[in-house]
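See below for the structure under consideration.
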Amino acid sequence: MAQRKKKPSVHQHEAIARAHQKNEFLRKFKHFIYNCCGKDIFSLIPINCHNAIDQLRCHSLALVPATGDKVPIQLLTFQKRVLSDFLKKERLEITQYQQALSFDDFLTVGLTAFYLPGRIKEGDFPNASEVKSALLEHFHEEDYMQQF
């Protein structure tokens, strides 16, 4: 007689959801820097550094009531949903790199790519200097900074 499979625990569901979120972020990050740099520098970053990139990730906007304010939970939930929908639907055109991405992706993926060169050190991995120079070339130009 076949044994029944155990249902996944809440902890397993959370771990799967977190891994999915990380993989989706890294996929978008890889696509973004490829479009900006014109070459695949993401493949030069070793897999063990992907966790550091995920931890460096910038987060999107969030609504947080001020301390002491009593905002009804229904109103706060509605406002969070409206803000989230707005950030995901509104598109930002980066004409210099022929990219269109949502404000949400720009705040998470774009700003992470902008801050990454400052976190890479020469001895972190074998191709660190090449990755850092390619990112600095595209993300610290004055023209790029003036677009935003």
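Quick note on numbering: my numbering labels position 82 of the sequence shown as 83, and the sequence is numbered without any gaps. Built from N, CA and C at the ideal position, the CB exists for glycine as well.
Counting every other CB atom within 10 Å of its CB across the protein chains shown gives THR109 a total of 16 or more, marking it as buried. Runs of the alpha helix (DSSP H) lying entirely within the segment 64-138, each at least 4 residues long, are 74-90 and 112-120 in chain order.
Here ALA101 really is in contact with GLU94; their C-beta atoms are around 5 Å apart, less than 8 Å. LYS7 sits in coil when the DSSP states are folded into three classes, being neither helix nor strand. With a contact defined as Cβ atoms closer than 8 Å, LEU27 and ASP55 qualify at about 7 Å.
Contact between the segment 104-121 and the segment 59-75 is present: 3 or more CB-CB pairs across the two stretches fall below 8 Å.
Rounded to whole angstroms, ASP86 and THR78 show a C-alpha spacing of 12 Å. Collapsing the DSSP output to three states places LYS40 in coil.
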